[in-house]
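In what follows, a structure is listed as structure tokens, so that the remarks can point back to it.
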Amino acid sequence: MPNIYLWLLMSGKVVIEVEKLVKKYSGSDEPALRGIDLSVTEGEFMGLLGPNSAGKTTFTSILCGLLTASSGSVKIFDHDVTSGNYAIKNRIGMVPQEIALYSGLTVRENIYFFGHLMGYHGAALKKRAETLIEIFNLGEHLSKLIHHCSGGIRRRVNLITGLIHDPELLILDEPTIGVDIQLREMIFRHLKEINKKGTTIIYTTHYMREAEEMCSRVNIIDHGLLIADGTPAGLIISNSGCNDLGQVFIKMTGRDLRD
Amino acid sequence: MKKILAILKKDTLLMVRDWPGLAILFVMPAVLLIIITFTQESAIPSRKSGMKIAMADEDSSVLGKAIVRDLVNGGYFNFISCSREEEARKLILEGRCQMALIIPDSATERLMARLRISSPDTSMAGIKILYDPGVQKMFRDAVVMPVTSLVQLSAIRVLMTETRLPMAPLFNNTLLTVSEESAQKRDMEFRPSVLQNNVPAFTLFAMFFIVIPLAGSIINEKTHGTFNRVRTLPVSYLQVAGAKIALFLVVCILQFIFLMFIGKYIMPLLGEQSSIDLRVSIPALLVALVSSGLAATGFGIMVGAFASTHGQAATFGSVMVVILALLGGIFVPAYMLPDVLRKISILSPLRWGTDAFLGVFARHQGIAGIWQHIILLVSFFIVSMILTVRVFKKQ
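Listed in order, the protein sequences are those of chains A and B. Quick note on numbering: the first sequence equals residues 31 to 289 in my numbering. Quick note on numbering: the second sequence equals residues 14 to 408 in my numbering.
Shown next as structure tokens:
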């Protein structure tokens, strides 16, 4: 393990602690996760990379409380969440890959609805919502129904609803799919900013350049196992013949299609 | 509580903005109530119904005239007068009437001849009833039976009069009276009417039709990812389901008020003569209403949990509601069903609801009289919710 992680582990507060995590779906022969060990400390911006069907979504779903583990243990903020994570849900923000919004509600109604469910109310919610609306430049679209909004606006609202409660741990599942370069820059800028302020981020993506640019640490998962863990630069240096993270990824996971 | 209110507000906004869904919940049962109430009243051949009967008096003598007079004065059916059997057949084949009564030539003569000659060879005066083969047997029977009785009575009256028997004048008046009376509550001036049965029955039918928008909203949340997203938030199943149950329970109560309004104020404007008597036990009515609403909501949520597409929920939900309604006595009273279906019908929540509402509206019972149905309805709701939570956890 590179020295920087030893240092981080020694100095930072552990946010996520995963040990021998196994997930097997009923009716499936092969487990989706086959014994994952991982530790994430406070303030890390961790990229989770992997080909399709590698186990990324299963892993993040267990972190979010959508799935329960078959065996092993998962601790978030020192709470055992192996069979659910109700007690610490308001400290975690989840931004799913799909636009998980109510299409019959307006932009404002969606933002406030998720804020209320996170326990924000009254002036505090209004202040937080207005800040995010300004950051993501949504002021003139607040009264639009989601199903009348463009893909870019929906993507921004999808992100805001995961950030509305200012989470300590933010899990993003491919948040930049289908967005233009301007919006991508806007998202990156904000994520870097909140990460600087201490938010721990787990970021899954298929865009290697994004991971290289944004993440302080990258994990590559394949066939339900973590096969690489390090800084982007460290992984490139330690894999001879590779000039970028994309080449490292191909070298480690191969060229075969997965699904 | 604030979270439940937030979910309630969200679900209310989504429902109010879904106009087709609202139409299903309110307009459809109102239209059904109006059409079926009027249809039921004209389903039995009568002067009110559109069924017409041609009458050809080829006899044109005492018996023929007596039969025509008695049938017309009886006021049971709509008659069209015609002269010959051939003309009556033509009217039926042209669809201008559905049945015809033929009083044959010399019917009076043959009737009187039976008095004079007691030979079995003497041919009787044969009154003939023609019918369109398209007329269903139950409607034919509904005409043939009273017409046969009236014709026999007319014949007796003619015989008495023509033979100048001393008791003949008696037959020109009613000999005895037959009255109908409810077996219950003799002290109340209460007469059950079509509306008294139909309004609660169609309210119940409408309540269970919330399966379509309710299951649809759950499937929307599942397919759009919002269901899973809400599961990542600090909200329990109980809070999410509680808000939905509260909203749809209010919808059920509004459906009831709306259909009561239609029955009380709109139906009379459309020509309905019966009305709804609201002198019922209010606690029993509220308990029946809430327990039926809970059963309907539980059914809708359960269908939404099990189904994975809108098509599945809409098809299964609506077909099941119609089947449960048929078994539950919404369209045809449960006591009229064949033995096998009547036994199966005790499994239908709509039957429990119908029985509870009939207890309140038609039999004027209090909670003590309907508690068995209430327990069944509430148990159905509880079982539905347990199954729903299990399915969601498995999914």
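We treat Cβ as the ideally placed atom computed from N, Cα and C, and that holds for glycine.
Item                                                                                                                                                                                 : Value
DSSP state of A/K105, grouped into three classes?                                                                                                                                    : strand
Ends of the beta strand (DSSP E) at A/V45?                                                                                                                                           : V44 to K53
Check whether the Cβ of B/A19 lies closer than 8 Å to any Cβ atom in chain A.                                                                                                        : yes
In three-state terms, what does DSSP make of A/M31?                                                                                                                                  : Bear in mind that the predicted position of A/M31 carries a pLDDT of just 45, short of 50, making it unreliable; the figure below should be weighed with that in mind. DSSP places A/M31 in coil when its eight states are reduced to three.
Could you tell me the distance, in whole angstroms, from the CA atom of B/Y144 to the CA atom of B/D72?                                                                              : 20 Å
Express the C-alpha separation of B/T401 and B/K150 in angstroms, rounding to a whole number.                                                                                        : 46 Å
When you compare each of B/R355, B/V253, B/T328 and B/G366 to B/A305 by their alpha carbons, which one comes out closest?                                                            : For clarity, residue 305 of chain B is Ser in the given sequence; the question names Ala instead. Considering only alpha carbons, the answer is B/G366.
For a cutoff of 8 Å on Cβ pairs, would you count A/Y237 as touching chain B?                                                                                                         : no
Can you say whether A/N273 is buried or exposed, counting buried as having 16 or more other CB atoms within 10 angstroms of its CB?                                                  : exposed
Whole angstroms is fine: what's the gap from B/A326's alpha carbon to A/I267's?                                                                                                      : 55 Å
Using 8 Å as the threshold, is the C-beta distance between B/K23 and A/Y150 below it?                                                                                                : no
Can you tell me which of A/S83, A/G264, A/L275 and A/L255 puts its alpha carbon nearest to the alpha carbon of A/E49?                                                                : A/L255
Thinking A/T234 and A/L202 are a contact (beta carbons under 8 Å), I'd like their distance in whole angstroms, please.                                                               : 7 Å
Pull up the distance between the alpha-carbon of B/L45 and that of B/V334, whole angstroms please.                                                                                   : 14 Å
What alpha helix (DSSP H) runs, 4 residues minimum, are completely inside the segment 237 to 302 of chain B?                                                                         : 239 to 244 and 250 to 274
Which residues bound the alpha helix (DSSP H) around A/C94?                                                                                                                          : K86 to C94
Does A/N120 come within less than 8 Å of chain B when only Cβ atoms are used?                                                                                                        : yes
Could you tell me if B/Y278 is buried or exposed, where buried requires 16 or more neighbouring beta carbons within 10 angstroms of its beta carbon?                                 : exposed
List, from N- to C-terminal side, the beta strand (DSSP E) runs of 3 residues or more that fit wholly inside the segment 175 to 209 of chain A.                                      : 199 to 203
Count the C-beta pairs between the segment 174 to 181 of chain A and the segment 256 to 276 of chain B that are closer than 8 Å, then say yes if the count reaches three, no if not. : no
Give, in chain order, every unbroken run of the alpha helix (DSSP H) that is at least 4 residues long and sits entirely within the segment 311 to 396 of chain B.                    : 323 to 341, 352 to 358 and 362 to 374
Just to confirm, is the Cβ distance from A/K53 to A/L68 under 8 Å?                                                                                                                   : no
Output yes or no for whether 8 Å exceeds the beta carbon distance between A/L275 and A/M216.                                                                                         : no
Using only the alpha-carbon positions, how far apart do A/E170 and B/P33 sit?                                                                                                        : 29 Å
The segment 239 to 253 of chain B: which residues have C-beta closer than 8 Å to a C-beta of chain A, in chain order?                                                                : T239, N241, R242, V243, R244, T245, L246, P247, V248 and S249
Out of A/V137, A/G65, A/C179 and A/L199, which has the shortest C-alpha to C-alpha gap to B/T245?                                                                                    : A/L199
Along the chain, where does the alpha helix (DSSP H) that runs through A/R214 open and close?                                                                                        : I211 to K226
Touch check for the segment 290 to 309 of chain B and the segment 368 to 377 of chain B: three-plus C-beta pairs under 8 Å?                                                          : yes
Return the bridge partner residues of A/G77 from the DSSP annotation.                                                                                                                : A/Y233 and A/V248
Going along the chain, which residues of the segment 122 to 135 of chain A sit with their C-beta nearer than 8 Å to a C-beta in chain B?                                             : I122, M124, P126, E128, I129, A130, L131, Y132, S133, G134 and L135
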